[in-house]
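Working notes, beginning with the structure itself.
In my numbering, the protein residues as written are 199 to 803.
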């Protein structure tokens, strides 16, 4: 559907040029059929060339790698098919329809409403041609000043792109009206404790929500939704806040979260509290996503903590987390072989006794009402409040004496690993963080992380970083875009060279591309929108659209040059003759994209 909306304004461009040329000839007394044939002979080549250049700009975008490429692959395909179908209609169906119309009113017949409209259109087009020709002649008389003015505008636009006036947010998606508040309790917390703390935090969340904003607030314990995978465990709590569809002056999702962020994060709590805002568009990692890798877990955890402390000081960093899931408490028992030997036991027998005290052992099977039951013998768990109490359990010795389990083993308490993660065959912990785009951007923040790691690297030998997430997708897509841009320009140049039979004239047409980029810069400044990957995607597509008007203009000038007119006369004639269809085709393209630009029903793309 996005491809259909984009191509909507371009579908009629070729038809506008054809119809305008037919009517131009009919207004000067040519019959409908002869006018249609003459118009087709006159504009067929430039119309085909303009459609081909637009397709040439979109087709390379089908090769864009990464998440953006997969998400947007269908758009150039839809645009290409739509333009080819519109070309078929403009050349074969439209002329027949135009020639069948009877022109019963002349521009001077103003007695009817239709005649008045026709007269207004004629006056408008005539006035447009006249004023544009005067402005063109003025610019041609002062070529140096005009060139300096245009060059200055282009330089200022590129300077604005390099300045802080234009922000960069490569993945700019509209948040969905839903967000989560994560309540991560200590690993030894029970499910009841997690649920109680989650409910307490949820009450604070409700205090910062307005009645017309909220659809529901749901507290859960025992599971947590993340960008990558759901996590399960008694220590996980999460509050799901569903907001009502936005109407009028209702707060956006970002504003709702920011209004409660300080109160939630400053709340005295044994849990670690953070936010997760769900965004639309293709799946993408967090702005800061860094994998810390090492073979030694202790060093890996220490390096992760040190790097997180540095990242927390970066301006704009929010909701800093890592995916290291702590496991349950564990008791590690190591046999004291000398004590076991003195007690007259062997390691196998002691292992069996340990198994009886912890897991138990199957000793028999029986059937009851046709159902097989297995009998397990194990230590009674009642009264075992602390795993260390297991060491006080009595052990019978072969010689008739009694000792305790603690006399035969060495005990250490610790905590196991909940989930062991690896990246490229090495153990890893992933650090993730959101960014306040008003204070920082993805590229700058990740560069700061790299610099922070360079200062820490010497303290953690054998540990390295792997940047992924949003930065991975940005680098993959950005790396391909210059090549795709040049590929599109190359295809456009070949088409124009074949059309004009010249190596120099296509370069004159391609000069319109940097001029069109000034409009992109102005639009970003006026709307205060950041440069995103979709902006660059649109710039590449713009190269094909920007040259269309120049093709029609250049073709008209070449036809006069072939008739023997001077360069100045041919230029003025072409400008006067083609200004109306150029304005019309540009207006239809703008009208087709206008809904996306102003964001009818949401925000702009």
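Idealized CB from N, CA, C, for every residue including glycine. Only a predicted model underlies this, so the values are computations on that prediction, with no experimental measurement involved.
Just verifying my parser: in three-state terms, what is the DSSP assignment at residue 298? coil
Looking at the unbroken alpha helix (DSSP H) that takes in residue 749, where does it start and where does it end? 746-760
Backbone secondary structure at residue 601 - three-state DSSP: strand
May I ask you to list the residues that DSSP assigns as paired with residue 832? Since the displayed the chain opens at 199 and closes at 803, residue 832 lies outside it and no answer follows.
Assigned secondary structure, residue 225 (DSSP; H/G/I helix, E/B strand, else coil): coil
Near residue 223, which residues of its chain fall below 7 angstroms by C-beta distance, leaving aside the five closest residues on each side in sequence? 233, 236, 237
Classify residue 776 as buried or exposed, calling it buried when 16 or more other Cβ atoms lie within 10 Å of its own Cβ. buried
Where does residue 617 fall in DSSP's three states? coil
May I ask whether a heavy atom of the ligand SAH can be found less than 7 angstroms away from the beta carbon of residue 682? With respect to the ligand SAH, the structure shown offers nothing to examine, as it has no ligands at all.
Give the straight-line distance between the Cα atoms of residue 304 and residue 750, rounded to the nearest whole angstrom. Note that residue 304 has pLDDT 48, beneath the 50 cutoff, so the model's placement of it is unreliable and the number below is only indicative. Computed Cα separation, rounded: 28 angstroms.
Looking only at C-alpha atoms, which of 226, 440, 554 sits nearest to residue 451? 440
For residue 414, the nearest candidate out of 377, 425, 427 (CA to CA): 377
Which same chain residues end up closer than 8 angstroms to residue 253 when comparing Cβ atoms and leaving out the 5 residues on each side of it in sequence? 277, 278, 281, 282, 742
What three-state label does DSSP hand residue 683 in the structure shown? helix
Go through its chain and collect everything with a Cβ distance to residue 274's Cβ below 7 angstroms, but skip five positions before and after it. 256, 257, 259, 260
For my contact list, residue 403 and residue 462 are in at a C-beta cut-off of 8 angstroms; report their separation, rounded to the angstrom. 7 angstroms
Return helix, strand or coil for residue 717, following the three-state DSSP convention. helix
With respect to the beta strand (DSSP E) encompassing residue 516, which residues constitute its N-terminal and C-terminal limits? 515-520
Output the distance between the C-alpha atoms of residue 655 and residue 591, rounded to the nearest integer angstrom. 48 angstroms
What three-state label does DSSP hand residue 472 in the structure shown? strand
How long is the line joining the alpha carbons of residue 333 and residue 778, rounded to whole angstroms? 15 angstroms
Determine the contact status of residue 663 and residue 506, defining contact as a CB-CB distance below 8 angstroms. no
Quick check on residue 572: buried or exposed, where buried means 16 or more other Cβ atoms within 10 Å of its Cβ? exposed
If you reduce the DSSP assignment to three classes, tell me which class residue 642 lands in. helix
Taking the straight line between their C-alpha atoms, what separation do you get for residue 721 and residue 230? 42 angstroms
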